[in-house]
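Below is one structure, written out as C-alpha cells, with a few remarks after it.
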Amino acid sequence: ARSNPDDIVIVLPSDHHVADPDGFRRALEVAVKSAESGVVTTIGIKPTRPETGFGYIETEEGQVGDVVTVRRFVEKPDLERAKGFLASGRFLWNAGMFIYRARDMMRAVEAHLPSVAEATRALDEAAKGGREAEVLAERFGQMPSVSIDVGVMEKLERLAVVPGDFGWSDIGSWQAAWELVPRDAHENAIAPQATYVESTGNLVVDARSPGSPKKVVALVGVEDLVVIDTDDALLVVPRSRAQDVRLAVEALKKTDPDVL
C-alpha cells in the first residue's frame with residue numbers, strides 16, 4: 205500500500221460458487237472502475253429468496269444503476285425481516301467482496317482501526333530486516349477481534365456497491381448444497397447410498413470417515429429433508445430450516461455437552 209498506493213486490491217472469498225463467470229467478471233470490472241475513483245466498493249448479490257443465513261446491504265432509496273450507494277450493513281435477519289428486505293428491492297446479500305485502492309483502505313484502517321494500522325507499520329519495518337514472521341506472531345494476538353465489515357466498512361462516509369446477479373452461492377448451508385448438486389426427476393439429490401421411494405426434494409449426505417462400512421439410507425414418503433450421516437451423529441432437518449442446526453447445538457450444550 206505504501207509502495208504502490210494507487211494499486212487496486214480485490215478481496216474475494218476463495219470457496220464460493222459462481223455459475224456465470226462472465227457475469228462475475230463484468231461486475232468486477234464495474235467495481236474496479238468505481239474503486240479507481242477513490243470509493244471503496246463492494247459487490248452485493250441480488251437476493252432470490254428471503255434468506256436468514258446471510259448479512260444484507262441496504263442501498264439508498266431511489267438509486268438504480270451499475271453502482272449505487274450503500275446506506276448500511278444489516279446482520280442476519282429473522283425470516284419476517286428477510287421477507288421485508290426482499291419485497292423492498294433495496295437490499296442485497298453481503299458476499300464479503302471488497303474492491304479498493306490501497307491508499308483508500310489504509311486511510312480507512314488508520315482512522316477506524318488504529319491498532320491494526322500500527323501493526324501493519326511494524327510488519328512493514330520488520331520485513332526490511334527479514335523479521336516479519338517473528339513480528340507477525342507477536343502482533344497477531346494483539347489484533348482486535350472484529351470483522352472488516354464492522355471495524356471499517358460500516359464506518360465509511362461513502363461506500364459503493366455493485367448489484368450482482370451471476371449465480372452466486374457461498375455453499376454455506378445444506379439448502380445451498382442441494383441447489384448445486386445433481387438431482388433426479390423428483391428433485392432428490394443423487395447419492396450412491398440413498399434410496400428414495402415416493403419422496404421428493406431430499407438431500408442425503410454420507411459424511412462418515414473413509415473406509416466406513418457400506419450403509420444404505422432409505423427415505424420413504426417424505427419431502428424436502430436433509431439427512432446427514434456422520435460417524436457419531438445423524439442429522440435430519442427440513443431443508444427450509446437447515447439454518448436452524450444451531451438450535452440443536454444449543455440444546456446439546458445443555459443436555460449432553462460431552463458429545464460436542
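Just so you know, we're using the working numbering here: the sequence shown kicks off at 205 and counts up by one. Where a beta carbon is used, it is the ideal one built from N, C-alpha and C, also for glycine.
Limits of the beta strand (DSSP E) - the one that residue i falls within
i    : result
L296 : F295 to R305
E338 : Careful: E338 lies outside any beta strand (DSSP E), inside the alpha helix (DSSP H) at E336 to F344.
A389 : Counting along the chain, A389 falls outside any beta strand (DSSP E), and DSSP gives it neither H nor E.
L423 : V421 to V424
I212 : I212 to V215
P367 : A364 to G368
V320 : Taken as a continuous stretch (DSSP letters only), V320 belongs to no beta strand (DSSP E), being part of the alpha helix (DSSP H) at P318 to K332.
A398 : A398 to V401
Beta-carbon separation (whole angstroms), residue i vs residue j, contact threshold 8 Å
i    : j    : result
R443 : G415 : Not quite, the Cβ-Cβ distance comes to about 29 Å (not below 8 Å), so this is no contact.
Y260 : V236 : Going by Cβ atoms, the distance from Y260 to V236 rounds to 24 Å, so no, they are not a contact pair.
A306 : P209 : 5 Å
E262 : R253 : With 8 Å as the limit, E262 and R253 do not qualify as a contact, their Cβ atoms being about 17 Å apart.
G371 : K250 : Wrong, their Cβ atoms sit about 11 Å apart, outside the cutoff.
G300 : K280 : Rounded, the Cβ-Cβ distance is 13 Å, inconsistent with contact.
V234 : Y304 : Between Y304 and V234 the Cβ distance is about 14 Å, and since that is not below 8 Å, they are no contact.
D410 : A393 : Not a contact, Cβ separation roughly 11 Å.
T434 : V420 : The pair is not a contact, with the Cβ atoms about 16 Å apart (cut-off 8 Å).
D374 : A381 : Not confirmed; about 11 Å, so no contact.
M271 : V313 : Position check: residue 271 holds Val in this sequence, whereas Met was assumed. The Cβ separation is near 23 Å, so there is no contact.
Counted within 10 angstroms of its Cβ, other Cβ atoms place residue i as buried (16 or more) or exposed
i    : result
S377 : buried
F344 : exposed
S403 : buried
M347 : exposed
L407 : buried
D388 : exposed
D219 : exposed
L451 : exposed
I247 : buried
L245 : Note on residue identity: the sequence assigns Thr, not Leu, to residue 245. Burial call: buried.
L429 : buried
A341 : exposed
V453 : exposed
V385 : exposed
E255 : buried
L283 : exposed
For residue i, the residue or residues it bridges with in DSSP
i    : result
P442 : L429
R276 : E262
D410 : D433
H221 : S373
G248 : N298 and P367
T256 : T256 pairs with nothing; no bridge assigned.
Limits of the alpha helix (DSSP H) - the one that residue i falls within
i    : result
G355 : I352 to G355
T459 : V449 to T459
S292 : L283 to S292
Proximity test, Cβ basis, 8 Å: residue i and chain B
i    : result
V409 : In summary, chain B is missing from the structure at hand, where a single protein chain is found.
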